[in-house]
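Visitor: The working numbering numbers the first residue of the sequence shown as 390 and each following residue consecutively.
Backbone N, C-alpha and C define an ideal beta-carbon position, used for all residues, glycine too.
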Amino acid sequence: MKSMEAYSGVFNFQPSVAFQLGGKSTSVESNDIAIDSNGNVWVTGDFRHSIDIDGDGEDDLTSNGSVDSYVVKFDSEGDLVKAYDFGSSGWDFGVDIATDSNGNAWAIGTFRGSIDIDGDGKNDLTRSSGGNYLAKFDEEGDLVKALEIDGDHHDLGNSIATDSNGNVWTKGRFEGSIDLNLDGINDLTSNGKSDSYFAKFDEEGMDWRILASA
Numbered sequence: 390m391k392s393m394e395a396y397s398g399v400f401n402f403q404p405s406v407a408f409q410l411g412g413k414s415t416s417v418e419s420n421d422i423a424i425d426s427n428g429n430v431w432v433t434g435d436f437r438h439s440i441d442i443d444g445d446g447e448d449d450l451t452s453n454g455s456v457d458s459y460v461v462k463f464d465s466e467g468d469l470v471k472a473y474d475f476g477s478s479g480w481d482f483g484v485d486i487a488t489d490s491n492g493n494a495w496a497i498g499t500f501r502g503s504i505d506i507d508g509d510g511k512n513d514l515t516r517s518s519g520g521n522y523l524a525k526f527d528e529e530g531d532l533v534k535a536l537e538i539d540g541d542h543h544d545l546g547n548s549i550a551t552d553s554n555g556n557v558w559t560k561g562r563f564e565g566s567i568d569l570n571l572d573g574i575n576d577l578t579s580n581g582k583s584d585s586y587f588a589k590f591d592e593e594g595m596d597w598r599i600l601a602s603a
């Protein structure tokens, strides 16, 4: 018969790097965090008004409307590398983020209206009703591509992950019909008011999907 012992004690863990995102008279949500193969830290979430990301007392991002999404990259020492905010005049939320073996980051969230993701002054995606965005950033922190998961009504992408082959997996919820590969043809139609979807994207776009009834 094996014996077991319990240990009770106090542990004091001190972080080697700490981040703070905030600002005056603002609300900031950090909804997900991911670490890439080089130790860089990626964070996504949403905020109101403006936020100071690197702690220098100056606002780094200012929202375009009520609530904007953001994606931020820090290096392994905690220094700010890149910061993006993208939103319309409505409510936009950064939901989840993942990294792949090549140092790229993939972010998923929701938006309504037109959003400029890379800050070049040109709208990357436009949607009249609530939809999902899927954005890829390279290891330098620059935007590579932005995709829209297009549905009839309000759609919510709520999770993203990558596999060892560089594929990207997402899941979410939709109503009515949804076009996942942006060819103008609906790929899935819900069985009820609201259903779940699972989709796999490779480097060329979507190559697999499945519908799960809610």
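Should I340 be labelled buried (16 or more other beta-carbon atoms within 10 Å of its own) or exposed?
Guide: With the chain covering only 390 through 603, there is no way to say anything about residue 340.
Visitor: Under a Cβ-count criterion, where at least 16 other Cβ atoms within 10 Å of its own Cβ denotes burial, should D489 be classed as buried or exposed?
Guide: Buried: at least 16 other Cβ atoms inside 10 Å.
Visitor: Considering only DSSP beta bridges, list what K582 is partnered with.
Guide: Its beta-bridge partners do not exist; DSSP assigns none.
Visitor: Excluding five sequence neighbours on each side, which residues of the same chain lie with their C-beta closer than 8 angstroms to the C-beta of D485?
Guide: Within the same chain, D485 has close Cβ partners N420, D421, T433, A496, I497, G498, G546, N547, S548 and I549.
Visitor: Answer yes or no: do N459 and G492 have a C-beta to C-beta separation smaller than 7 angstroms?
Guide: It should be noted that the sequence gives Tyr, not Asn, for residue 459. No, the Cβ-Cβ distance between Y459 and G492 is not below 7 angstroms.
Visitor: By DSSP, does S458 sit in helix, in strand, or in coil?
Guide: Looking at S458 - three-state DSSP - the assignment turns out to be strand.
Visitor: Ordered along the chain, which non-local residues of its own chain (more than five positions away) have a Cβ less than 6 angstroms from that of W558?
Guide: The answer, listed in chain order, is A550 and K589.
Visitor: Do you know how far the Cα of D435 is from the Cα of G520?
Guide: Looking at the two C-alpha atoms, the distance is approximately 16 angstroms.
Visitor: Does the distance from the C-beta atom of G428 to that of V470 stay below 7 angstroms?
Guide: Not closer than 7 angstroms, so no.
Visitor: State the Cα-Cα distance for the pair L450 and K462, rounded to the nearest angstrom.
Guide: Taking the straight line joining both Cα atoms gives about 13 angstroms.
Visitor: Could you pull the start and end residues of the beta strand (DSSP E) that N420 belongs to?
Guide: Element bounds for N420: V417 to I424.
Visitor: Quick check on the burial criterion: 16 or more other C-beta atoms within 10 angstroms. Buried or exposed for D474?
Guide: Buried, because 16 or more other Cβ atoms sit within 10 Å of the Cβ of D474.
Visitor: Hey, D457 and D441: beta-carbon distance below 7 angstroms or not?
Guide: No. Outside cutoff.
Visitor: Out of curiosity, what's the CA-to-CA distance linking D591 and G555?
Guide: Cα to Cα, the separation comes out at about 7 angstroms.
Visitor: Excluding the five sequence neighbours on either side, which residues of its own chain have a C-beta within less than 7 angstroms of the C-beta of D464, listed in chain order?
Guide: Only N429 and V470 meet the Cβ criterion.
Visitor: Three-state secondary structure (DSSP) at S414?
Guide: Summary for S414: the model assigns pLDDT 49, below 50, so the residue's position carries little reliability; its value from the coordinates is reported in the next sentence. S414: coil per DSSP, three-state reduction.
Visitor: Cβ of S452 within 7 angstroms of Cβ of H438?
Guide: Cβ atoms of S452 and H438: closer than 7 angstroms.
Visitor: For S416, I'd like the list of residues in its chain whose CB is within less than 7 angstroms of its CB, leaving aside the five on either flank, ordered along the chain.
Guide: Answer for S416: F436 and R437, listed in chain order.
Visitor: Which partner residues does V430 have in the DSSP bridge list?
Guide: V430 is bridged to I424 and F463.
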